[in-house]
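Trainee: First the structure, which I've put down as structure tokens, then a few questions once you've had a look.
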Amino acid sequence: MKVESLSARSLTTFYEFTSLVFENDRIQDSGVTLPGYRILGRDRLGRGGGVAVYASTALDCQVLDFDLPIIDSLEYIIFTVKIHSKLMAFGNFYVPPRTTVSDLTDSMDNILSYLYPLVDYIMFLGNFNVDQFIPDNPLFACFESNGFLQVIDEPTSITALSSTLLDPIFLSDSNILSSAGTISADLISDHRLDYCICSKKAYSKIS
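Structural data, given as structure tokens:
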């Protein structure tokens, strides 16, 4: 299973799943269709938000809707897919820069508490706008306390003045991780593209 994530101004090449955070105005689904993929998206008018996922049409993806205490500013889409008899939940998030971190971690705790009894694995990714290089940052602590591994270890946003990791990938089980990293996407984004590859053999071995 291959997954990639990008804070994008336009589109790029896709794996089984590609998550995007759009930074422009509302985009019609008909204008961004890709052969072999279907789009799962939630966007908003204006700059600075909206999320989408391109999922292979070979996979049966079920978008989840739930009524939980979640901050209004959080933009996200969460769906499940069955992989080798295991059910995995994927979440793509955009967190506006002025979001209070304590509100964000409370929302994440609520979402994770809801998902854990339902699925075997969880992967959350996107632009969280919290630098994972900052020691003891609350977002990392939130996921770590829930047993997650943060698999990206290099900057995803690089400017003349800073080098930050704003686009982490959190994985609930390190046993299924094959590789992860970033790729330059300078032509379409000021963030690097994240990717995560999960081993198919690991899914079948873990009971």
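Numbering (this note's numbering), first residue to last: 279 to 485.
We put the beta carbon where it would ideally sit given N, CA and C, even for glycine.
(1) Just how far apart, CA to CA, sit VAL341 and LEU465?
(2) Hey, out of TYR354, GLY314 and PRO347, whose CA is closest to ALA336's CA?
(3) What do you reckon, are the CB atoms on PHE448 and LEU427 nearer than 9 Å?
(4) Under 9 Å between C-beta atoms, does PRO433 make it to chain C?
(5) Starting from MET386, trace the beta strand (DSSP E) in both directions and tell me its first and last residue.
(6) Just verifying my parser: in three-state terms, what is the DSSP assignment at ASN370?
(7) Any idea what DSSP makes of PHE402, helix, strand or coil?
(8) Rounded to whole angstroms, how far is the Cβ of ILE355 from the Cβ of VAL373, which I believe are closer than 8 Å?
(9) Rounding to the nearest angstrom, what Cα-Cα distance links PRO395 and LEU346 in this structure?
(10) Give the secondary structure of SER467 by DSSP, where H, G and I count as helix, E and B as strand, and everything else as coil.
(11) In the DSSP assignment, find the alpha helix (DSSP H) that holds PHE421 and state where it starts and stops.
(12) Determine the contact status of LEU352 and THR377, defining contact as a CB-CB distance below 9 Å.
(13) Pick helix, strand or coil for ILE454, following the three-state DSSP scheme.
Mentor: Taking the geometry as given:
(1) Walking along the sequence shown from the start, residue 341 turns up at place 63. Walking along the sequence shown from the start, residue 465 turns up at place 187. The alpha-carbon atoms of VAL341 and LEU465 are separated by roughly 31 Å.
(2) Position 58 of the sequence shown, counted from the start, is the residue given in the question as residue 336. Residue nearest to ALA336 within the set TYR354, GLY314 and PRO347 is GLY314 (criterion: CA-CA distance).
(3) Within the sequence shown, the letter at position 170 stands for residue 448. Within the sequence shown, the letter at position 149 stands for residue 427. Their beta carbons are under 9 Å apart, which means PHE448 touches LEU427 by this criterion.
(4) In summary, chain C is missing from the structure at hand, where a single protein chain is found.
(5) Position 108 of the sequence shown, counting from 1, holds the residue named residue 386. Taken as a continuous stretch (DSSP letters only), MET386 belongs to no beta strand (DSSP E), being part of the alpha helix (DSSP H) at 379-393.
(6) Start at 1 with the first residue of the sequence shown, and residue 370 comes out as number 92. Three-state DSSP puts ASN370 in a strand.
(7) As a working note, residue 402 is residue 124 in the sequence shown. PHE402: strand per DSSP, three-state reduction.
(8) The count along the sequence shown starts at 1 and reaches residue 355 at position 77. The count along the sequence shown starts at 1 and reaches residue 373 at position 95. So it is not a contact: roughly 14 Å between Cβ atoms.
(9) Here residue 395 is taken as the residue at index 117 of the sequence shown, counted from 1. Here residue 346 is taken as the residue at index 68 of the sequence shown, counted from 1. Between the C-alpha atoms of PRO395 and LEU346 there is a straight-line separation of about 15 Å.
(10) Start at 1 with the first residue of the sequence shown, and residue 467 comes out as number 189. Three-state DSSP puts SER467 in coil, outside helix and strand.
(11) Position 143 of the sequence shown, counting from 1, holds the residue named residue 421. From DSSP, the alpha helix (DSSP H) with PHE421 extends over 416-423.
(12) As a working mapping, residue 352 is identified with position 74 in the sequence shown. As a working mapping, residue 377 is identified with position 99 in the sequence shown. A contact, by the Cβ cut-off of 9 Å.
(13) To locate residue 454, count along the sequence shown from 1; it is residue 176. Residue state, collapsed to three classes: helix.
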